[in-house]
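> Below is a structure I'd like to ask you about.
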Amino acid sequence: MSVGIRGHLVHFHSDPSVGGSESVQSFSDGVLVIETGRIVACGPYAILGERYRACDERYHYPERFVFPGFVDTHTHFAQTDVIASPSPSLLEWLEHYTFPEEARFSDPVHGQAVAEFFIKEMLRQGTTTASIFATVHPESCEAIFRAADNRAMRMIAGKVLMDQNAPDPLRDTAESGIEASRALIQRWHGRGRLRYSVTPRFIPTSSARQLQLAAALYHEIPDLHLQSHVAENKDEIAWVKRLYPKSRSYLQVYQDFGLLGPRATYAHCIWFDDDDRRLMAATQTAAAFCPTSNLFLGSGLFDLAATRSCGLAVGLATDVGGGTSFSMLRTMQEAYKVAQLKGLTMTAEECFYLATLGGARALGLDAMIGSFDLGKEADVVVINPQATALCSRRIQSTKTLSEQLFVTMMLGDERMIEQTHILGRPMQTPELKGAVRAD
Ligand code: GUN
Ligand code: ZN
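Residue numbers (our numbering): 402 to 840.
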């Protein structure tokens, strides 16, 4: 089955903070031709019009931006119901809201209901791929995989490993945690578009034995991912220092257990020095920049300029529910502001890159998603910058694509997400808001 999508296509070949305008490709009246979910042509309507008209299904989005679907490099589906819970800082927030909420996921019915809501909300915001923490309960991981698989989404998820310093109902053991992860890997890793991520929560909540077994598992099975948290909050760092006083840094503890490497993504990475950043780069470990969470929990300001100069991969992340929004547009806005406070002024192109190809690269998925390169999977977000009165008015006084993208990003939210396509198919059914079906 062939699908044609017509609109103002924008995507990236490389990082615009390095390649500048050469990194961006844009067709103001462009066409994507999609066969069985993959992109087989991308270019101007003036050239591809005939192929577009020959497609079995056609979606015409005049004056809408069509981007590769957003990639959220770190989030927690089980924290949906504690989003916007005020707390002085991370450790209190975990104790008072997050752990009690995650305990509810021993009930698979609850897990399934939240997973369904979470996936629908992601799609409503134009996010087509994410790296997701479930809870310690294997059933919760089943629930999020099933909800993503039902929609043929490219998704990464893992059961949390946590065998100490957590309430009893949220603890596994070193052995049982790995056994349950193995069973989930057998069932889900490589099924459809799903990948498994070994998920030790953070250093304080796993015994040395659990961390050793987690590293062994990550290295044993091809293409496994790994996700965790590092250097987010000063009290957390002091705790890790008490647990591993001889370690040079928090990150070094992960390295010593063998937990850094390709397809490993660490959220936050705020309180790093350049040795930490270089260690991340040397091991091909990626950072997830979580601006709304870092601001909300008062954790600190991520240093994007230093991250770039040390050469490690970085993506953007909502970190729901420490993060305050599912929206990658809102996440870009906050990333821009954090960078400002650190003396770096980002362009809109840099922000959209981080939310698309940059995120796909950070997760090691860029061979499959993140841009409109031929052969990639056709996950797409359609953005209507005229969807709000203010943006519609403001965009009229823009002159360049860069300005239009900047206004769209800075004033954007879910009202502008008109449609989200997975493998070419529209997901915001039944009605396609504002889209004109060509005949
Ligand atoms: N560190 C350990 N667990 C968590 C979590 O659930 N959220 C955040 N933001 N940081 C963490
Ligand atoms: Zn997190």
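For each residue, glycine too, the CB sits at the ideal point set by N, CA and C.
If you reduce the DSSP assignment to three classes, tell me which class Thr-719 lands in.
coil
> Report, in whole angstroms, the separation of the C-beta atoms of His-409 and Val-467, which I expect to be a contact under 8 Å.
Here His-409 really is in contact with Val-467; their C-beta atoms are around 6 Å apart, less than 8 Å.
> Go to Thr-530, then tell me how far its beta strand (DSSP E) extends in each direction, as first and last residue.
528-534
> Among all the DSSP beta bridges, which residues are the ones paired with Leu-585?
Per DSSP, Leu-585 has no beta-bridge partner at all.
> Taking just the CA atoms, how far does Leu-812 sit from Asp-569?
In this structure, the CA atom of Asp-569 is about 44 Å from the CA atom of Leu-812.
> What are the uninterrupted segments assigned as alpha helix (DSSP H) that are 4 or more residues long and contained completely in the region 453-528, given in chain order?
491-494, 500-504 and 509-525
> So which of Lys-560, Arg-594, Val-781 and Glu-540 has the shortest CA-CA distance to Ile-579?
Lys-560
> Give me the Cα-Cα distance between Ser-532 and Met-817, rounded to the nearest whole angstrom.
24 Å
> What number of angstroms, rounded off, separates the C-alpha of Lys-738 from the C-alpha of His-475?
Approximately 20 Å, taken between the alpha carbons.
> Taking the C-alpha atoms as reference points, what is the distance between Ala-736 and Leu-717?
8 Å
> Please classify Asn-551: is it buried, with 16 or more other beta-carbons within 10 angstroms of its beta-carbon, or exposed?
exposed
> Any heavy atom of ligand 2 within a distance shorter than 6 Å of the CB on Ala-768?
no
> Can you give me the start and stop residues for the alpha helix (DSSP H) that Leu-627 sits inside?
Counting along the chain, Leu-627 falls outside any alpha helix (DSSP H), though it belongs to the beta strand (DSSP E) covering 626-631.
> Does Leu-824 pass the burial test, meaning 16 or more other C-beta atoms within 10 Å, or should it be called exposed?
buried
> Between the C-alpha atoms of Phe-690 and Phe-703, what's the straight-line distance to the nearest angstrom?
Those two C-alpha atoms are separated by around 7 Å.
> Thinking Val-537 and Arg-583 are a contact (beta carbons under 8 Å), I'd like their distance in whole angstroms, please.
Val-537 to Arg-583, Cβ: 15 Å. No contact.
> So which of Leu-764, Arg-762 and Gly-723 has the shortest CA-CA distance to His-477?
Selection Leu-764, Arg-762 and Gly-723 evaluated against His-477 yields Gly-723 as nearest (Cα-Cα).
> So, with DSSP's three-state summary, where would you put Gly-421?
helix
> So the candidates are Glu-464, Gly-438, Met-810 and Thr-574; which of them puts its Cα closest to the Cα of Ala-749?
Met-810
> Given that a residue counts as buried once 16 or more other Cβ atoms are within 10 Å of its Cβ, and exposed if not, what is Lys-834?
Only weak support exists for where Lys-834 lies, its pLDDT of 49 falling under 50; the coordinates are left without a value.
> Would you identify the three-state DSSP class for Ser-429, choosing helix, strand or coil?
Of the three classes helix, strand and coil, the one that applies to Ser-429 here is strand, per DSSP.
> Quick one: is the Cβ of Phe-518 within less than 6 Å of any heavy atom of ligand 1?
no
> Which residues does DSSP pair with Glu-751 in a beta bridge?
DSSP lists no partner for Glu-751.
> If Thr-358 sits next to Arg-555, beta carbons under 8 Å apart, how far is it from one beta carbon to the other, in whole angstroms?
The structure shown does not extend to residue 358, since the chain is modelled only from 402 to 840, so the question has no answer here.
> Please return the same chain residues whose Cβ sits closer than 7 Å to the Cβ of Thr-725, not counting the five positions on each side in sequence.
Ile-484, Ala-485, Thr-693 and Phe-697
> Quick one, are the C-beta atoms of Glu-633 and Ile-671 less than 7 Å apart?
For Glu-633 and Ile-671, yes; Cβs fall inside 7 Å.
> Out of His-626, Val-411 and Leu-660, which has the shortest C-alpha to C-alpha gap to Ser-607?
Leu-660
> Using DSSP with H/G/I as helix, E/B as strand and the rest coil, what is Tyr-645?
coil
> Starting from Ser-772, follow the alpha helix (DSSP H) in both directions and report where the run begins and ends.
That residue, Ser-772, is in no alpha helix (DSSP H); it is neither H nor E in DSSP.
> Would you tell me roughly how many angstroms separate the C-alpha atoms of Asp-840 and Gly-444, rounded to the nearest one?
With a pLDDT of 38 at Asp-840, under the threshold of 50, the modelled position of this residue cannot be trusted, and the question is left open.
> What's the call for Met-402, buried or exposed, on a 16-neighbour Cβ count within 10 Å?
exposed
> Rounded to a whole number of angstroms, what is the C-alpha to C-alpha distance between His-590 and Leu-625?
If you draw a straight line from the Cα of His-590 to the Cα of Leu-625, it comes to about 8 Å.
> Whole angstroms is fine: what's the gap from Asn-566's alpha carbon to Thr-801's?
53 Å
> Measuring CB to CB, does Glu-540 end up less than 7 Å from Pro-509?
yes
> For Ser-694, is the beta carbon positioned less than 6 Å from some heavy atom of ligand 1?
yes
> Between the region 423-442 and the region 764-781, are three or more C-beta pairs nearer than 8 Å?
A contact between stretches requires three or more CB pairs, one per stretch, nearer than 8 Å, and the region 423-442 meets this requirement with the region 764-781.
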